[in-house]
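Undergrad:
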Amino acid sequence: DVKVTQSSRYLVKRTGEKVFLECVQDMDHENMFWYRQDPGLGLRLIYFSYDVKMKEKGDIPEGYSVSREKKERFSLILESASTNQTSMYLCASRHPTGRGPQHFGDGTRLSIL
Amino acid sequence: AQSVTQPDIHITVSEGASLELRCNYSYGATPYLFWYVQSPGQGLQLLLKYFSGDTLVQGIKGFEAEFKRSQSSFNLRKPSVHWSDAAEYFCAVGARAGGTSYGKLTFGQGTILTVHP
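Order-wise, the sequence lines are chains R and X.
Under my numbering, think of the first position of the first sequence as 18, with each following residue one higher.
Under my numbering, think of the first position of the second sequence as 1101, with each following residue one higher.
1. Taking the beta strand (DSSP E) that R/Met49 falls in, what are its first and last residues?
2. I'd like to check one pair, X/Glu1115 with X/Val1181: are the Cβ atoms closer than 8 Å?
3. On the CB-based measure, 16 or more other CB atoms within 10 Å of its CB, does X/Gln1138 come out buried or exposed?
4. Considering just the uninterrupted stretch of the beta strand (DSSP E) at X/Ala1187, what are its terminal residues?
5. What residue from R/Met71, R/Leu58 and R/Val21 has the CA that sits closest to R/Cys40's CA?
6. Note down, in chain order, every chain R residue with its Cβ under 9 Å from the Cβ of X/Gly1128.
7. May I ask whether a heavy atom of the ligand NAP can be found less than 7 Å away from the beta carbon of R/Gly124?
8. Here's the rule I'm using: 16 or more other beta-carbon atoms within 10 Å means buried, otherwise exposed. How should R/Asn48 be labelled?
9. So with CB distances below 9 Å, who are the chain X contacts of R/Gly57?
10. In or out: R/Phe121 buried (at least 16 other Cβ within 10 Å) or exposed?
11. Which residues in chain R sit within 8 Å of X/Gln1142, going by Cβ to Cβ distance?
12. In this structure, what does DSSP give as the bridge partners for R/Met105?
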């Protein structure tokens, strides 16, 4: 089974801090994704990476950046956290073949005070 | 652009009753379609997927879904609901990989299922 691990389940940070959310997968997947999940809005794609050192903006990239230095690890960075970034963040990975589904981690619930 | 609509925000059923969760999508070609389930405080678990072929697909936990191209729908069904099925359910549409799609998914807003004993 694919294992996608997010480093923190719960995180509390202050406005203006630089925040790192880490995600590691153990299946050698090329594609990795970061979403945020808010009630009534479903999941919205922030950034994705189709290979090491490659990244593409998703639908809501403003205020975020990402890093993919190794295939197994995909980091989401909040450069200067704001209260409107309080949310649940979900990481996913997939094999790049045409039919591969995305596999999700358990999520990080981030609160910005 | 692709989009997904789940018309029902919240559904309540009694244990043992049948269930149907609705999903409508908008996509310019034949899509990949998925249903995921999320238990409280957890990530998303894949229930089933449709790529091609038989339009009735079977998934885990006794769920099935039917792809109807003419109605742009991919509704999820279960003949008899168990209390453990209480969760939030997400329908998603994916572009067929190729070009720059990289298997990106667009999710619906989710449907919360409550099961009464």
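Glycine is no exception: its CB is placed at the ideal position from the N, C-alpha and C atoms.
If you're wondering where the values come from, they're calculated on a predicted model, not measured in any experiment.
TA: Reading off the structure:
1. Reading the first sequence from its first residue, position 32 is the one you call residue 49 of chain R. Residues Asn48 to Asp55.
2. To locate residue 1181 of chain X, count along the second sequence from 1; it is residue 81. To locate residue 1115 of chain X, count along the second sequence from 1; it is residue 15. Their beta carbons are under 8 Å apart, which means X/Val1181 touches X/Glu1115 by this criterion.
3. The residue given as residue 1138 of chain X occupies position 38 in the second sequence. Residue burial is scored here from C-beta neighbours: X/Gln1138 has at least 16 other C-beta atoms within 10 angstroms and is therefore classed as buried.
4. To locate residue 1187 of chain X, count along the second sequence from 1; it is residue 87. DSSP places X/Ala1187 in the uninterrupted beta strand (DSSP E) bounded by Ala1187 to Gly1194.
5. On the first sequence, residue 40 of chain R is found 23 positions in, with the first residue counted as 1. Checked all of R/Met71, R/Leu58 and R/Val21; the closest Cα to R/Cys40 is R/Val21.
6. Residue 1128 of chain X sits at position 28 when you count from the first residue of the second sequence. Annotation: X/Gly1128 has no Cβ neighbours in chain R at a cutoff of 9 Å; minimum Cβ distance is about 17 Å.
7. Looking for the ligand NAP in the displayed structure turns up nothing, as the structure carries no ligands at all.
8. Locating residue 48 of chain R in the first sequence gives position 31, counting from the first residue. Buried.
9. Residue mapping note: residue 57 of chain R aligns to position 40 of the first sequence, counting from 1. What R/Gly57 touches in chain X: Ile1109, Gln1209 and Gly1210.
10. As a working mapping, residue 121 of chain R is identified with position 104 in the first sequence. Counting the other Cβ atoms within 10 Å of the Cβ of R/Phe121 gives 16 or more, which makes it buried.
11. Working through the second sequence from its first residue, we reach residue 1142 of chain X at position 42. Those are Asp123 and Gly124, listed as they occur along chain R.
12. Counting from 1 along the first sequence, the entry for residue 105 of chain R is found at position 88. Answer is R/Gln54 and R/Arg126.
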